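Beneath this line is the structure, given in structure tokens, with notes to follow.
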């Protein structure tokens with residue numbers, strides 16, 4: 019058994035775990051909580067790297083729902099590569115229902131506004147740690163330069179170090195660029 023996944027920002031009684039889905043490689047999961055925020059509902063995305071699960075960004079709450087009960091997250095699914103997710107809202111629009119689709123941006127930029135830790139979502143554009151489907155852009159002149167700390171094993175699609183940028187990969191750490 020692995021870690022229990024509980025998303026942050028959930029309101030008591032959110033019903034997290036009513037629906038769940040996991041990517042083909044087992045490293046990205048989505049968890050639905052249809053009772054969050056008085057039955058508006060939400061979903062949370064987690065990724066696993068080096069055996070550790072980390073929430074990616076804030077809870078997902080789709081736009082364009084009818085005011086009141088929507089129960090977003092009643093059903094959830096994630097694509098095989100973990101880059102696209104869908105959350106169903108059973109009672110949106112007085113029971114007509116709806117679904118919200120979320121697509122992970124392929125290009126993710128380092129902002130370094132929180133720390134130098136590569137694995138901290140808040141250091142990346144969109145608040146998401148890059149994964150195997152992302153191109154990573156490391157600019158110069160950020161508050162902190164990225165460090166992939168010892169014990170980390172993570173994969174990305176490609177990396178682009180802009181002139182003057184610094185990236186440190188510590189001994190016993192792995193940053194795999196697949197493309």
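Numbering (this note's numbering), first residue to last: 19 to 197.
A virtual CB, placed ideally from N, CA and C, is assigned to each residue, including glycine.
In this text the structure is predicted, and so the values were computed from the model without any measurement.
Among 192, 23 and 174, whose alpha-carbon lies nearest the alpha-carbon of residue 99?
Against the chain shown, residue 99 aligns to sequence position 81. Looking at the Cα atoms, 174 is the closest of the given residues.
Output the boundary residues of the alpha helix (DSSP H) element that contains residue 57.
In the chain shown, residue 57 corresponds to position 39, counting from 1. Per DSSP, residue 57 belongs to the alpha helix (DSSP H) from 54 to 57.
Comparing alpha-carbon positions, which option in 79, 180 and 169 lies nearest residue 53?
On the chain shown, residue 53 is found 35 positions in, with the first residue counted as 1. Here the closest residue by C-alpha is 79.
Express the C-alpha separation of residue 154 and residue 165 in angstroms, rounding to a whole number.
Taking the chain shown and counting its residues from 1, the one referred to as residue 165 is at position 147. Taking the chain shown and counting its residues from 1, the one referred to as residue 154 is at position 136. Going from the Cα of residue 165 to the Cα of residue 154 covers about 14 Å.
Best match in 66, 24, 48 and 92 for proximity to residue 57 [C-alpha to C-alpha]
One-based indexing of the chain shown puts residue 57 at position 39. Per the Cα distances, 92.
Is the segment 102 to 113 close to the segment 67 to 74, with three or more CB pairs under 8 Å?
Three or more beta-carbon pairs separated by less than 8 Å are not found between the segment 102 to 113 and the segment 67 to 74, which leaves the two stretches without contact.
Closest to residue 72 by C-alpha separation, out of 184, 172, 188 and 193, would be which residue?
Here residue 72 refers to the residue found at position 54 of the chain shown. It is 172.
By the 10 Å Cβ neighbour count, where 16 or more other Cβ atoms means buried, how is residue 126 classified, buried or exposed?
Along the chain shown, one-based indexing puts residue 126 at 108. Label assigned to residue 126: buried.
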